[in-house]
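Just so you know, we're using our numbering here: the sequence shown kicks off at 891 and counts up by one. No residue lacks a Cβ here, since even glycine has one placed at the ideal position from N, Cα and C. Below: one structure, written as structure tokens.
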Amino acid sequence: MENLYQDLRYAVRMLLKKPGFTLAAVLTLAIGIGANTTIFSLLNAAFLRPLPGDAPDRLVTLLVRSDDSSLNESFSYPDYADIRDQSKSLSGLAAYGSLDVSLSVEVGAEVLAGEIVTGNYFDVLGVKPVLGRTFLPEEDRVPGQSPVVVLSYDLWRERFGADPGMIGRDIVLNGYPYSVIGVAPRGFNSALLGRSSRFWVPAMMQGQIAPASAGTRRMVGSADLLDVRSTSWLRIVGRLHAEVNLDQARAELEVISPGIAQNSPQMTSDSSLTAVQLGNEPGLREAAVPVL
């Protein structure tokens, strides 16, 4: 301890003799610590923070494994429906696609990143709204009949002043009015880690909200994506039954794969369905699902 005390006294004397060097060293340390803190905060928000839902470790992402062992995470809506109806190892299976739209505001418009999702999306993820509700089963059945929207917590706070009276009001997305039914919890942005979605609309509204997108026109013209097998635009997330583990779910997906492949132009006779824990998709960010 005596040697340590002497070393500290010596270091302080040397620093006081060279105030310019001391100031530069302090500023360098401050900038470095600040930069590291900022980077960690961004990584934590985008990749490390768990979903604010129930048992996130039970959530899986579905993938297609090709005969060359490559993985693909995109599906058409009819493929999703077939897998949903045939899978028994998953207590719920939801699909979601990325969407960029125009939000009409008083002084013009702003572009928002959002998602078009199946009606059970929030239920499968175990995410509860902080205000209002999420989608009802009947809002996931008839195309074009459910112009409703769930806002992200950040959009609700930043654009609408955290006004609880927003429930029941309309906002205009791509020129079409949508009734606000709920607000997602703080910290939830998407099932896709790193995606910052600002709103969610039902998949049944694809025909109304997506045709205004140049990306959709480029892919399929004015066709309704809900009926098109040749266009993959959705990711699929599922929740394992309580008594089912990941290996058992994979085994079941292997069994139903041939039947799915018969109707899916995205799959060959040698490809198969598989699943990984949500957030553990290896190297899939390069295989981007189209943004509508």
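Residue from Ile1146, Leu1116, Ser1162 whose Cα sits closest to the Cα of Pro1033: Leu1116
Given a cut-off of 7 Å, decide if Phe1078 and Val1017 are closer than it, judged by their beta-carbon atoms. yes
Compare the C-alpha of Met1094 against each of Asp1030, Leu989, Ile973 and name the closest. Asp1030
Suppose contacts are defined by Cβ-Cβ distances below 7 Å. Is Gln1138 in contact with Ser977 by that definition? no
Inter-stretch contact at 8 Å, needing at least 3 Cβ pairs: the region 1059-1073 / the region 1032-1051: yes
What residues in its chain sit with their C-beta under 8 Å from that of Leu953, if we drop five residues either side in the sequence? Leu961, Asn962, Glu963, Leu1163, Thr1164, Ala1165, Val1166, Glu1171, Leu1174
Same chain only: Cβ atoms within 8 Å of Arg903, ignoring 5 sequence neighbours per side: none
As an exercise, report each continuous beta strand (DSSP E) stretch of at least 3 residues that is fully enclosed by the region 1061-1092, in chain order. 1066-1073, 1089-1092
I'd like the span of the beta strand (DSSP E) that includes Leu1041, first residue to last. 1038-1041
Segment limits, alpha helix (DSSP H) that includes Gln976: 967-976
Label Gly1072 either buried or exposed according to how many other C-beta atoms from any shown protein chain fall within 10 Å of its C-beta, with 16 as the threshold for buried. buried
Can you look up Asp1117 in the DSSP assignment and give me helix, strand or coil? helix
Please report how far the alpha carbon of Leu983 lies from the alpha carbon of Asp944, in whole angstroms. 15 Å
By Cβ distance below 7 Å, which residues in the same chain neighbour Leu1021 in space, the five residues on each side in sequence not counted? Pro1054, Ile1057, Gly1072, Val1073
Go ahead and label Val1160 buried or exposed: buried means 16 or more other beta carbons lie within 10 angstroms of its beta carbon, across all protein chains shown. This sequence places Asp at residue 1160; Val is not what is there. Burial call: exposed.
Is Thr951 near the ligand GDP, going by C-beta to nearest heavy atom under 6 Å? Ligands in the displayed structure: none, and consequently the ligand GDP is not present.
Within 10 Å of its beta-carbon, does Gln1035 have 16 or more other beta-carbons around it, so buried, or fewer, so exposed? exposed
With DSSP collapsed to three states, give me the class of Gly1051. coil
Express the C-alpha separation of Tyr986 and Ile950 in angstroms, rounding to a whole number. The residue asked about is misnamed: residue 950 is Val in this sequence, not Ile. Their backbone Cα atoms lie some 14 Å apart in a straight line.
Contact check, Leu1168 vs Phe965, beta carbons under 7 Å: no
Tell me where the alpha helix (DSSP H) around Gly1149 begins and ends. 1136-1153
Along the chain, where does the alpha helix (DSSP H) containing Ile1057 start, and where does it finish? Ile1057 -> no alpha helix (DSSP H), and no H or E assigned at all.
Suppose contacts are defined by Cβ-Cβ distances below 7 Å. Is Ser1069 in contact with Ser1080 by that definition? no
Going by DSSP in three states, Gly982 sits in which element: helix, strand or coil? strand
Can you tell me which of the three DSSP states Val954 falls into? strand
Alpha carbons only, please: which of Glu1142, Gly1097, Arg1049, Ser1120 is nearest the one belonging to Val997? Arg1049
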